[in-house]
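Data first, discussion second: the structure below is written as structure tokens.
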Amino acid sequence: MQKIYLVVVGKIKKSFYREAVAEYVKRISRFAQVEIKELAEGANPEAEAEEILRAAKGYKIALAIEGEKTSSEGLAKRLKSVCDKGEEISFIIGSSCGLSERVKAAADWKLSFSDMTFPHQLMRVVLVEQIHRAFMISSGSAYHK
């Protein structure tokens, strides 16, 4: 079974965000095993970099505002391509300070969801929903409209 890691800096404090993430992780579980690696916040992005790079495995996708924008179908195509190669996938969300240049340089793909800035807790929910949607698109499901 496909393995997906969410390498995230910081914890989710609000229960409604935790519940939403848990619901989408449950939905993804029919396609892939998801492991969330919550890392402690550092003083700055560079202080967090080493732990992020140790935790990230396989094909690394860093969420970065300057990254490439894509559609849900584009994400599905990219994930399917990586999954078809049997690679593990790590999605990386930095702290509110952002990601260090070292982490961005180590990423196989820098992905941007928008030019806007989102709260990190909410971004985790949006990310797992889009991962679920990508698997549903790849499976030919009517979920994606």
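FYI, the numbering for the sequence shown is 642 to 786, going by the working numbering.
By construction, the Cβ of each residue, glycine as well, lies at the ideal position given by its N, Cα and C atoms.
All values derive from a computational prediction rather than experimental measurement.
Legend entry - Range of the contiguous beta strand (DSSP E) that encloses residue 660: Unbroken run through residue 660 is the alpha helix (DSSP H), 656 to 669; no beta strand (DSSP E).
Legend entry - Burial state of residue 743 (16 or more Cβ within 10 Å): So residue 743 counts as exposed.
Inset, instruction - Kindly indicate which three-state DSSP category residue 722 falls into: helix, strand or coil? - result: In the structure shown, residue 722 sits in a helix (DSSP, three-state: H, G or I).
Legend entry - Nearest neighbour of residue 661, chosen from 770, 693, 684 [CA to CA]: When only C-alpha atoms are compared, the closest one is 770.
Legend entry - Three or more C-beta pairs below 8 Å linking the region 657 to 671 and the region 700 to 716: With a cut-off of 8 Å, the region 700 to 716 and the region 657 to 671 do not count as touching, because too few Cβ pairs lie within range.
Inset, instruction - Measure how close the beta-carbons of residue 693 and residue 704 come, nearest whole angstrom, since I'm counting them as under 8 Å. - result: By a beta-carbon distance limit of 8 Å, residue 693 does not contact residue 704. Their separation comes to about 12 Å.
Inset, instruction - Identify whether residue 737 lies in helix, strand or coil by the three-state DSSP scheme. - result: When DSSP states are grouped into helix, strand and coil, residue 737 belongs to the coil group.
Legend entry - Rounded distance between the beta-carbons of residue 646 and residue 691, thought under 8 Å: Contact between residue 691 and residue 646 is absent: CB atoms are separated by about 16 Å, not below the 8 Å threshold.
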